[in-house]
Each structure stands twice: as structure tokens, then as C-alpha cells.
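*Asks:* This is the structure I want to talk about, given as C-alpha cells.
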Amino acid sequence: MTRRIAMLSVHACPLAKLGGRDSGGMNVYVRELARDLGARGHRVDVFTRWREKDDPRIQPLGPNGRVIHIQSGPLGYWPKMAVFEHLDEFTEKLIAEVEQEQRSYDVIHAHYWLSAKVARTLEERWRVPVVQMFHTLGLVKREVMDEDIDGESDIRTEIERESVRKSAAIVAASHIELGELRRLYRADPAKVAVIPCGVDPNVFHPIRQADARELLGRDQCERLILFVGRIEQIKGIDVLLRALALLFFRHPDLRKEVCLLVVGGALDPGDDAPETEKIVELRRLVHEHRMEANVAFVGSRDQEQLALYYAAADLCAVPSLTESFGLVALEAMACGTPVVGTRVGGLQTVIADGESGLLVPAGDYQALADAIARVLTDARLRMHLAHGARERAERFTWHHVGDLVSDLYERILAGRAEEIRA
Ligand code: UDP
6 MTRRIAMLSV
16 HACPLAKLGG
26 RDSGGMNVYV
36 RELARDLGAR
46 GHRVDVFTRW
56 REKDDPRIQP
66 LGPNGRVIHI
76 QSGPLGYWPK
86 MAVFEHLDEF
96 TEKLIAEVEQ
106 EQRSYDVIHA
116 HYWLSAKVAR
126 TLEERWRVPV
136 VQMFHTLGLV
146 KREVMDEDID
156 GESDIRTEIE
166 RESVRKSAAI
176 VAASHIELGE
186 LRRLYRADPA
196 KVAVIPCGVD
206 PNVFHPIRQA
216 DARELLGRDQ
226 CERLILFVGR
236 IEQIKGIDVL
246 LRALALLFFR
256 HPDLRKEVCL
266 LVVGGALDPG
276 DDAPETEKIV
286 ELRRLVHEHR
296 MEANVAFVGS
306 RDQEQLALYY
316 AAADLCAVPS
326 LTESFGLVAL
336 EAMACGTPVV
346 GTRVGGLQTV
356 IADGESGLLV
366 PAGDYQALAD
376 AIARVLTDAR
386 LRMHLAHGAR
396 ERAERFTWHH
406 VGDLVSDLYE
416 RILAGRAEEI
426 RA
């Protein structure tokens, strides 16, 4: 049955440039899910904050899908708490727009805690069930971060708790997240559907390493480690840099051969600084360890280019302190590149340790250095993991995600909440 879906993604526009500040996996998730649902005939409107002045107010997104930019507060990049301050304005404008045109929706699908707040007002006003996906949980983040760098903790937790109580269903990206929702938020497991994320095999597929390196202008003989993602504390890049320094200390011969490419970290068009503060801080760490010749910050790349980077690399490092799913790991695997990741959140469900990659404890640069050394120096292990990675990635498709999400909509609309848990 065709459904009308109001998708709320307040701070993550599905059409945004990826890898910059606050734009990464969630933007990809909303984009791919909306496209898949639209291709099934559902009508999907994604409501998001208007951030880039050159973006048209309404943009098409696949068949039957649209992105509707709502101006709330000033345009441009704003930290999340500044976006939060303008949520009431966002909600009021959204309601005015929808009601003026006499549109209505069957389901509200909200992403992240900021959208959860908007969803509360809409569910009461429109009497429409809410499906919530958090992508990252504030209390999980608090467990791993030394400080509340975004200054959001208490407000965020309160909104998340309310959302867990009131939403008709919650989507968790893995059974680990389901456990966190139960342990930290007392979620009713009957309301939680575990739906893993996907990867687009048309974009991320194996390419001959030599071809990818030639296209990127890289040396065929170097050993390439790749990092891809937002350049933020939570991604553990400083741990990776310490691991690299230790690797060179233990294997001085590798200093001449190994290069770490850090992809991500775009600035916004309005920024006046040449790089984000975090990159400047990481560069200092690189300098301290005399690794300037071994580490390159290449900036953000679009996903077609990223496929070349994954294919060119000998391994992809995902040293995150926490990760609700970890699309980068899955994309690397789909390209046949072994992943060395941390044993946290969804990464544990994406990477099969010893089969499609290696898992190490988060924050442990010694274990990370060991694992990287094993993959770089043992060609048989590398081939075994590359093969396993490709095979494992095949089971994660956006089409499968779309199947499970549409099925979830039907079940909540039929009022069978007790059957939601997949
Ligand atoms: N990404 C990109 N270009 C970049 C950096 C990242 O397209 O320069 C994309 C990457 O392909 C992936 C997403 O951003 O799909 C990051 O998702 P992930 O789940 O790994 O991390 P999150 O951003 O959700 O923490």
C-alpha cells in the first residue's frame, strides 16, 4: 500500500556534501532510505534545516521523494545546540507549510534527538505514529567521551527518554543498540526493530588496486592505510595516529613505505578558517611524531571518489570510540578492503573478527598498531580478510533496509506494536 511519510532529519540534509561538519552516515541513511521507499511507490517528504543558501527550497530525491528545506535561524553551519534553539521555529514553519497545502502523512519517521523533539509536537497535532531512529545515543556517547563537548547532555537525554517512551517504534541499527536502549533508556524491547544499514553495490564494489592507485596518482609500492569520516574526537583518529607512531617505532622499515590517508573534514562554504580546529590539533600530533611524510589529510570526497580510495587501500581503519553502525566499515568491505575496527557498537556486527577484518578494543593504540601490522605484513591474512569482507558486505543492501522499514510502517499502522521486534 502506498504510504505518505514525513521524514524528519533536522540537521542532516540527505543531499549535503558528506564528510564535513555534522554530515556523514545519517545523511547517507536518510538519502538511501528515502530513495528506496520512493521507488516502492511511497511518497516521502524529508524536512531538513535550510543550511546552504544556494540550495533550492524544494529538491527532488529519487522517485516520489522530495527534500523540503525549512529556514529556522540563520543559514550556514551551526553547532547542534544552536540548531536546538531554533527547533520551535522549525516546527511552526513545517506545520504551516504542510497545513496550508492540506497535505497529510501516515507516518512520521524521525532521525536523531533533534528531530525527536519536533516529532513530539507533530504526533500530538496530527495524531500520526512516530518511528524514531537515534543514530547515536547521548548516554552511550557520554560513557566514552571525557567531556560533553557539544554541551548537550541533559537536554538531549531528556528528549531521547521521552522519545523512547512515546514513539510507536524505535529502529536500532544493531542488537547492540537494542541492548543500549534497554540498559540506558529502559526501552520496551517489543517496540524496537533491529534493522541494519546498507551499502550501494553500484557505488562500492571491488576495483583493481593497481587501477585505483593509478587513477588517484598513488605509488603502486606504498602500503596505504585509509581513514574515512567526520574528523571528530569520537572517531578516534588521534588513537590511530598514536598507533601509527608505535608501528614505526616497532618496525622502522615501514616508515618508508606506509602512508595514512585521512579522508573527510570539509569546511562549509561560509567558514573563514582553512581547516577545522580538530584537523589543526591532529596535525600537531603528526608533527610531534615526525610523521608529516606519512600522513595526508586529503579533505572530503564524494562517494564515487571514495570507492577508489577504498580500493587503493591495503586496509581501512575505523578506530571509533563508539559507532551505532559504521557505514564506512561496510563500504570498505564492499570494495574488498579489510577493516581494522574497534569492538564497539554496530562495528561488532558489521565486521566478523578474523573473517572480514580485525577488531580491537577502543582507545587501545597498542592493539590497533598490532592489528595494522598483522594486516600490512601478512599477505595471506590480507587476502583472506578481503575475500571475507566482500562476501559479508553482500548481505547488507538498502533494498533490504527498505523491506524491513516498510514492513515496520505497516505493522504500526495495523496497531500490532507487540510484533514490531524483528
Ligand atoms: N563520507 C563521504 N565523504 C567523505 C567522508 C565520509 O561520502 O569525505 C561518507 C561515507 O561514505 C559514509 C558516511 O559519510 O557513508 C559516514 O558514515 P559512518 O556511518 O561511517 O559515520 P557517521 O558519520 O554516521 O558517524
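If you read the sequence shown in the working numbering, its first letter stands for residue 6, the second for the next number, and so on. Even for Gly, the Cβ is constructed at its ideal location relative to N, Cα and C.
Among all the DSSP beta bridges, which residues are the ones paired with Val199?
*Replies:* Ala177
*Asks:* From the DSSP output, in three-state form, read off Val15 for me.
*Replies:* Val15 falls in the coil class under three-state DSSP.
*Asks:* Figure out for me which residue from His116, Thr342 and Glu97 has the closest Cα to the Cα of Val233.
*Replies:* If you compare the alpha carbons of His116, Thr342 and Glu97 with that of Val233, the shortest gap goes to Thr342.
*Asks:* Please confirm whether any heavy atom of the ligand UDP lies closer than 7 Å to the CB of Gly420.
*Replies:* no
*Asks:* Quick one: does the C-beta of Phe330 sit closer than 7 Å to a heavy atom of the ligand UDP?
*Replies:* Result yes, Cβ under 7 Å from the ligand UDP.
*Asks:* Look at the Cβ atom of Tyr34, then the Cβ atom of Cys202, and state whether they are nearer than 8 Å.
*Replies:* yes
*Asks:* Does the distance from the C-beta atom of Pro246 to that of His294 stay below 8 Å?
*Replies:* Here the sequence assigns Leu to residue 246, which means Pro is not the residue at that position. Against a cut-off of 8 Å, the Cβ pair of His294 and Leu246 comes out as a contact.
*Asks:* Is the beta carbon of Gln64 closer than 8 Å to that of Arg56?
*Replies:* no
*Asks:* Measuring CB to CB, does Val208 end up less than 8 Å from Gln105?
*Replies:* no
*Asks:* Given that a residue counts as buried once 16 or more other Cβ atoms are within 10 Å of its Cβ, and exposed if not, what is Thr402?
*Replies:* buried
*Asks:* Nearer than 7 Å: is that true of the beta carbon of Arg306 relative to any heavy atom of the ligand UDP?
*Replies:* yes
*Asks:* For Asp358, list the residues DSSP reports as bridge partners.
*Replies:* Gly362
*Asks:* Between Asp60 and Gln76, what straight-line distance do the alpha-carbon atoms span, to the nearest angstrom?
*Replies:* CA-to-CA, the gap between Asp60 and Gln76 works out to about 11 Å.
*Asks:* Give me, in chain order, the residues of the same chain whose beta-carbon lies closer than 6 Å to that of Asp50; leave out the 5 immediate sequence neighbours on both sides.
*Replies:* By the criterion of a C-beta distance shorter than 6 Å, Asp50 is surrounded in its chain by Ala11, Arg71 and Ile73, once the five residues flanking it on both sides are discounted.
*Asks:* For Asp258, count the other beta carbons within 10 Å of its own beta carbon; 16 or more makes it buried, fewer makes it exposed. Which is it?
*Replies:* exposed
*Asks:* Should Ala173 and Phe330 be called a contact, given that it needs their Cβ atoms to be closer than 8 Å?
*Replies:* No, the Cβ-Cβ distance between Ala173 and Phe330 is not below 8 Å.
*Asks:* Can you have a look at Val435 and say buried or exposed, based on whether 16 or more other CB atoms are within 10 angstroms of its CB?
*Replies:* Because the chain in this structure spans residues 6 to 427, residue 435 falls outside the shown range and cannot be described.
*Asks:* Which of the three DSSP states is assigned to Lys122 in this structure?
*Replies:* Taken through DSSP and simplified to helix, strand or coil, Lys122 comes out as helix.
*Asks:* Please list, in chain order, all residues of the same chain as Leu313 whose beta carbon is under 7 Å from its beta carbon, the five residues on each side excluded.
*Replies:* Ile212, Ala217, Leu220 and Leu221
*Asks:* Run the proximity test for Arg26: is its beta-carbon closer than 7 Å to any non-hydrogen atom belonging to the ligand UDP?
*Replies:* no
*Asks:* With 16 other CB atoms within 10 Å as the buried threshold, where does His16 fall?
*Replies:* Result: buried.
*Asks:* Are the beta-carbon atoms of Gly350 and Thr327 separated by less than 8 Å?
*Replies:* yes
*Asks:* Quick one, are the C-beta atoms of Ile175 and Leu186 less than 8 Å apart?
*Replies:* yes
*Asks:* Is the stretch 351-371 touching the stretch 379-394 in the sense that three or more CB pairs, one from each, lie closer than 8 Å?
*Replies:* Taking 8 Å as the limit for Cβ pairs, the verdict is that the stretch 351-371 does touch the stretch 379-394.
*Asks:* Just to check, is the beta-carbon of Met150 closer than 7 Å to a non-hydrogen atom of the ligand UDP?
*Replies:* no
*Asks:* Around the C-beta of Gln371, are 16 or more other C-beta atoms found within 10 angstroms, so that it is buried, or is it exposed?
*Replies:* So Gln371 counts as exposed.
*Asks:* Looking at the ligand UDP, does it come within less than 7 Å of Leu119, judged from the CB to the closest heavy atom?
*Replies:* no
*Asks:* Does DSSP classify Pro65 as helix, strand or coil?
*Replies:* Pro65 falls in the strand class under three-state DSSP.
*Asks:* Quick one: give me the first and last residue of the beta strand (DSSP E) that His74 is part of.
*Replies:* Gly70 to Ile75
*Asks:* What residues in its chain sit with their C-beta under 6 Å from that of Ala21, if we drop five residues either side in the sequence?
*Replies:* Ser28 and Asn32
*Asks:* Who are Phe52's beta bridge partners in DSSP?
*Replies:* Leu13 and Ile73
*Asks:* Alpha carbon to alpha carbon, how far is Arg151 from Val300?
*Replies:* It is worth fixing the name first, because residue 151 is Asp in this sequence and not Arg. Rounded to the nearest angstrom, the two C-alpha atoms are 26 Å apart.
*Asks:* Can you tell me whether Glu399 sits near the ligand UDP, meaning its C-beta is under 7 Å from at least one heavy atom of the ligand?
*Replies:* no
*Asks:* Can you list, in chain order, the residues of its chain whose CB lies under 6 Å from that of Arg26, leaving out five sequence neighbours each side?
*Replies:* Tyr82
*Asks:* Alpha carbon to alpha carbon, how far is Arg166 from Phe139?
*Replies:* 11 Å
*Asks:* Whole angstroms is fine: what's the gap from Ser325's alpha carbon to Val268's?
*Replies:* 15 Å
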